[in-house]
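Worksheet: the structure to be examined is printed underneath.
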Amino acid sequence: MATVSELRVHGGRRAELVLLGLAICLAILARALVDYHADYLVLSRLGVFAVGALALAGAAHLVVRIYAPSADPVLLPAVFALNGVGLAILRRIDYAYAARGRETDFGGTQTVWTVVGVALFVAVLLLLRDHRMLRRFTYTAGIVGIIAYMLPVVPGLGVEINGAQIWISLFGRSMQPGEFAKIALVVFFAGYLVSNRDTLALAGPKVLGMRFPRPRDMGPLLVVTLSALVIMVAQTDLGAALLFFGLFVGLLYVATERISWVVLGLGMFAVAVVAASTIFSHVAARYDAWLNALDPEVYSSGRSEQLVRGLFGMASGGLFGTGLGEGRPDLVPFAESDFIIASLGEELGLTGVMAILTLYLIIVQRAMRTAIGVRDGFGKLMASGLGFAIAIQVFIVVGGVTRVIPLTGLTTPFLAYGGSSMIANWIVIALIMRISDQARRPAMETP
Amino acid sequence: MNEPIRRLSVLALVLFLILMGAASYVQVLEADSLNADARNVRTLYREYGNFRGPIIVDGEAIVYSTPVDSPFNYQRTYVDGPLYASVTGYYSIVFGRTGVEQTENSLLNGTADALFWSRLGDLFAGREQEGASVELTIRASLQAAAAEALGDQRGAVVALDPRTGEILAMVTSPSYDPTLVAGHHTPTVNQNYQALLADPTRPLINRAIAGDTYPPGSVFKLVVAAAALEAGLEPGSEIFAPKELALPQTSNTIRNYGGVACTASGDTTTLEDALRTSCNTAFADLGMALGWDAIEAKALEFGWEQKFDIPLSAAVSQLPENPDVPQTAMSALGQYDVRATPLQLAMLAAAIANDGELMTPYLIRAIRSPDLQVLERADPSVYSTPMSPAIANALTDMMVTVVDNGTGRNARIEGVTVAGKTGTAETGVGGSPHAHFIAFAPAENPIIAVAVVIENGGDLGDEATGGRLAAPIARAVIEAALALARGQG
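Chains as they are written, first to last, in my numbering: chain A, 1 to 447; chain B, 448 to 936.
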């Protein structure tokens, strides 16, 4: 027994430190390249950035070492690597816009958001010593989540940006409450499903050989899900609706282990998609823009122009990319947000896109691994829910840009410009690491 | 719950594999077609980073690129921009390319196949890729003389070397400065371009080859005369030339300019005199006698209804379709549906000047690689032979009388025989006539053929005729050509 636990005493913190070092090197190098190609390379400023990045990573590492010593060692470096690349490409886009006379400071602002994000990461690890505490807030989280989704439609508070009513204006800054609501709803689903999974799965009438849950067991879940979906559709935030629905079906499956429900859910989804594309003209237009993106008529009408310009950008990058600072990411609309993957594809090539997708895949798989390792059902559902949410989110936004699915607006975690998304995703990582600390902690130390 | 979580993680893996596949498809498999897509401005932008070759006139670069500190790396500079705009066109980051900048683009930017070895050399030597230089047939002194003589009247001048088909001058007026749209500051370029577009005098139109085609008026009588000579008439043949000619099938009559008679007495004149005085009634009757088919066949040989790429695309000079008898009479006078570009009219003069052989007109003398080796050199070629040398000589003699003591006296040059033909084309109700003049000189051994077209009476308004308005301009260009020849001789 003693030998076994001794082997497991290593929480992987040393590996994390080495990997973090690599990630920070990557961030500094990327930033240096971007500055160099824009002729703005000032060593003192690069020094400040390097010291800042090392300090930030060091602080995060120290907090993990003390407060979550057994947590997964790969998550933090992967996130720092993504975040570093994101800062570099945003700075790059600033230079590209500046060359055309448009003043932006995406890079600088995003750096501030990164610091805030890491601070919240630290705060979550400090304050939340056991993820099971969250289970107490199951219903609160559900209500908070729905309210947060509704905030942007409140007159005077919500603002419409680029056709989607998903922002609110607070203290002169716009923020996307939906990013945070996503976390709250995962907590709600996990908490609700872990309490009711048996009744959901086993009790209820049988129809056509399939067992359906009793309305009283299913009720709260359906209320939250449907209201969230209705709100998102009303806000024309189809990406969020898709993400949310995928998450719901996924967690329902994990909790009940019933594949038939997944089939049912996907069937309903298909019906909803067909219905939406016939009822709502803007959905049909998006469909058309996706299927016939390169059609001259669709292109010249402007419907697929964004998408196609993103494809042009990625294509010009080819296998190895133009190199940071050598492409024209400013030719793609929303290069800093929805189309950031096209900017990266152009300058870093397919190689860079593969590397970025692999980093996401590592984060997702580590979250799943955590879900398998952790012993309580609530933790399992939360970890797999958060991990799966990242997977769907990346699939929706990258798949939209690469024309796998119709384009819907969603942020690319840690890469796209935006404070809400940055902070929310750092909190997601903190939660996964908190759960993984529990999952990987030697059995005898568990209270 | 572990089993579904495992399945979920496999699903996540599949999602990422799909994304990786899609990215590979876009960035590798589909990349070539996306990069070649005309809507992809990126390819254009990449091209602007190359050192673009110069455009050369008389051994001097009139268009060249200089390195600048901007994302486009090079600024295109146009020396005497308005003077050469009709030939060079512009090279704009916003509005693309026109003129030689467009037609010779792949050579200028260095991507043409002909520059393969040059590119390979650059690659090994680590040099930046350079474009070829394009040498024009334009002669600076002729171009300047034509532009100066034209002044700010709306119109065009085209001068050809009848022996080779080289375009020695191609001027359109009013012109514009390509520098205005070649800048790198998009809003300024946009504003300049919109201003040029909104200009009612339409400076962006190249009237010499690609503007509205003009009714050639009496200049077209040369085509009819050539057809008549081929049909067996002599310059001295008597032809019907009444004071007023009634058109069959209509109540209309044809009259001469100013309503005067073509001859002092009687109803007939010689073919030579009819051309000298530009007698409308005589040529209308002659046209009806010859029939449209004979005139059309001749016009086709001179280049009508044919698309010329010099390599700039010239508009097609048009002929009427199946005109009836009165329409044929009007067409023989270069009215009705007969249309011609100034280039076409210059070709008409050049064919007569070159003993009946029409040389294919061209604008580019040679292409040189960045290390100054000749990659391509123009090879003069005969386009057609619309008439025999005898007929050409007869027409030349007739055209000499036009200048000596006919309607084209304003083109006379001391000590040089000039052959010419005037044209004054009606433009319909309210508009002043277009004034035309085509000429070549010296008549015995022509070195230049020139066509001048002035829209709507130019500075003279309703008083304008080809002889009064256009002939002096042709003379100025011919004098410049003769001076150049003397200087070289």
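By construction, the Cβ of each residue, glycine as well, lies at the ideal position given by its N, Cα and C atoms.
Status (buried if at least 16 other CB within 10 Å, exposed otherwise) for residue i
i: B:Y538; result: buried
i: A:A2; result: Per-residue confidence for A:A2 stands at a pLDDT of 44, beneath the threshold of 50, marking its modelled position as unreliable; the derived number appears in the next sentence. When all chains shown are included, A:A2 counts as exposed.
i: A:L127; result: exposed
i: B:N441; result: Since the first residue shown for chain B is 448 and the last is 936, residue 441 of chain B is missing from the structure and cannot be characterised.
i: B:I686; result: buried
i: A:R31; result: buried
i: A:V34; result: buried
i: B:T697; result: exposed
i: B:V461; result: exposed
i: A:L221; result: buried
i: B:A635; result: For the sequence presented, residue 635 of chain B should be read as Thr rather than Ala. Answer is exposed; the Cβ neighbour count stays below 16.
i: A:I259; result: exposed
i: A:G345; result: buried
i: A:T446; result: With a pLDDT of 48 at A:T446, under the threshold of 50, the predicted position of this residue should be treated as unreliable, and no value is reported.
i: A:D338; result: buried
i: B:P833; result: buried
i: A:A55; result: exposed
Local conformation of residue i per DSSP, three classes
i: B:Y521; result: strand
i: A:W426; result: helix
i: A:R375; result: coil
i: B:E681; result: coil
i: B:D720; result: helix
i: A:Y95; result: helix
i: A:D198; result: helix
i: B:Y538; result: strand
i: B:V701; result: Looking at the sequence provided, one finds Ile at residue 701 of chain B rather than Val. Of the three classes helix, strand and coil, the one that applies to B:I701 here is strand, per DSSP.
i: A:A148; result: helix
i: A:P447; result: Summary for A:P447: the model assigns pLDDT 48, below 50, so the residue's position carries little reliability; its value from the coordinates is reported in the next sentence. Three-state DSSP puts A:P447 in coil, outside helix and strand.
i: A:L7; result: Any answer about A:L7 is weak, because its pLDDT of 46 lies below 50 and its placement is not dependable; what the coordinates show is given next. Three-state DSSP puts A:L7 in a helix.
i: A:G321; result: coil
i: B:A881; result: One detail in the question is off: residue 881 of chain B reads as His in this sequence, not Ala. B:H881: strand per DSSP, three-state reduction.
i: A:K380; result: helix
i: B:Y511; result: strand
i: A:G239; result: helix
i: B:G914; result: helix
i: B:D756; result: strand
For residue i: DSSP bridge partner residues
i: B:A616; result: B:A606
i: B:F498; result: B:E577
i: A:Y287; result: DSSP lists no partner for A:Y287.
i: B:Y661; result: B:A787
i: B:A896; result: B:L607, B:F887
i: B:S823; result: Residue identity differs from the one stated: residue 823 of chain B is Glu in this sequence, not Ser. Paired residue(s): B:I814.
i: B:E582; result: B:I503, B:A813
Which of the residues in the segment 307 to 323 of chain A, read from start to end, lie with their CB under 8 Å from any CB of chain B? Per Cβ criterion, the list reads V308, L311, F312, G313, M314, A315, S316, G317, G318, L319.
Scan the segment 471 to 488 of chain B for residues whose Cβ lies nearer than 9 Å to a Cβ of chain A and list them as they occur along the chain. Of all residues in the segment 471 to 488 of chain B, S471, Y472, V473, Q474, V475, E477, A478, D479, S480, L481, N482, D484, R486, N487, V488 have a Cβ within less than 9 Å of some Cβ in chain A.
Please confirm if the segment 655 to 673 of chain B is in contact with the segment 782 to 793 of chain B, defined as three or more CB-CB distances below 8 Å between the two stretches. With three or more CB-CB distances shorter than 8 Å, the segment 655 to 673 of chain B counts as touching the segment 782 to 793 of chain B.
Near-chain A residues of the segment 670 to 693 of chain B (beta-carbon distance less than 7 Å), N- to C-terminal order: From the segment 670 to 693 of chain B, no residue has a Cβ closer than 7 Å to chain A.
Along the segment 528 to 540 of chain B, where does the CB come closer than 7 Å to a CB of chain A? Name the residues. Under the 7 Å Cβ criterion, the segment 528 to 540 of chain B contributes no residue.
Sufficient close CB pairs (3 or more, under 8 Å) joining the segment 814 to 834 of chain B to the segment 553 to 571 of chain B: With the cut-off at 8 Å, the segment 814 to 834 of chain B and the segment 553 to 571 of chain B touch.
Scan the segment 252 to 269 of chain A for residues whose Cβ lies nearer than 8 Å to a Cβ of chain B and list them as they occur along the chain. Within the segment 252 to 269 of chain A, the residues whose Cβ lies closer than 8 Å to some Cβ of chain B are Y253, V254, A255, E257, listed in chain order.
Output, in sequence order along the chain, the residues in the segment 378 to 411 of chain A whose CB is closer than 8 Å to any CB in chain B. Within the segment 378 to 411 of chain A, the qualifying residues are K380, L381, S384, G387, F388, A391, I392, V394, F395, V398, G399, T402, R403, V404.
contact_flag[the segment 873 to 889 of chain B, the segment 910 to 925 of chain B] where n(CB pairs < 8 Å) is 3 or more: The answer is yes - the segment 910 to 925 of chain B touches the segment 873 to 889 of chain B, with three or more Cβ pairs under 8 Å.
Looking at chain A, which residues of the segment 923 to 935 of chain B have a Cβ within less than 8 Å of any of its Cβ atoms? Per Cβ criterion, the list is empty.
Is the segment 138 to 149 of chain A in contact with the segment 180 to 188 of chain A, if contact means three or more CB pairs nearer than 8 Å? Touching, yes.
Contact the segment 926 to 933 of chain B vs the segment 640 to 657 of chain B: 3+ CB pairs below 8 Å: Counting C-beta pairs with one atom in each stretch, the segment 926 to 933 of chain B and the segment 640 to 657 of chain B have fewer than three that are closer than 8 Å, which means they do not touch.
Residues from the segment 326 to 338 of chain A in contact with chain B, defined by Cβ distance under 8 Å: Listed by position along the chain: R328, L331.
Between the segment 278 to 304 of chain A and chain B, which residues of the former have CB atoms less than 7 Å from a CB of the latter, in chain order? Y299: these are the residues of the segment 278 to 304 of chain A whose beta carbon lies less than 7 Å from some beta carbon of chain B, given in chain order.
Is it a yes or a no for the segment 204 to 220 of chain A touching the segment 268 to 277 of chain A, going by three-plus beta-carbon pairs under 8 Å? Result no; under three Cβ-Cβ pairs closer than 8 Å.
If the cut-off is 7 Å on Cβ atoms, which residues from the segment 74 to 87 of chain A count as contacting chain B, listed in chain order? Listed by position, the residues of the segment 74 to 87 of chain A near chain B (Cβ gap below 7 Å) amount to none.
Give, in chain order, every residue of the segment 355 to 369 of chain A whose Cβ lies closer than 9 Å to some Cβ of chain B. Taking 9 Å as the Cβ-Cβ cut-off against chain B, the residues of the segment 355 to 369 of chain A that qualify are L357, T358, Y360, L361, V364, Q365, A367, M368, R369.
Using a Cβ-Cβ cut-off of less than 7 Å, list which residues of the segment 32 to 64 of chain A approach chain B; keep chain order. Cβ contacts with chain B: none found.
Please confirm if the segment 469 to 485 of chain B is in contact with the segment 308 to 327 of chain A, defined as three or more CB-CB distances below 8 Å between the two stretches. As far as the Cβ criterion goes, the segment 469 to 485 of chain B touches the segment 308 to 327 of chain A, which means the pair count is three or higher.
Does the contact criterion of 3 or more C-beta pairs under 8 Å hold for the segment 92 to 102 of chain A versus the segment 405 to 416 of chain A? Between the segment 92 to 102 of chain A and the segment 405 to 416 of chain A there are fewer than three C-beta pairs closer than 8 Å, too few to call the two in contact.
Determine which residues of the segment 186 to 198 of chain A have a Cβ less than 7 Å from any Cβ of chain B, and write them out in chain order. Result list empty, no residue passes.
Quick check: the segment 198 to 206 of chain A against the segment 349 to 358 of chain A, are there 3 or more CB pairs under 8 Å? Fewer than three beta-carbon pairs drawn from the segment 198 to 206 of chain A and the segment 349 to 358 of chain A are found closer than 8 Å, and the two stretches are therefore not classed as touching.
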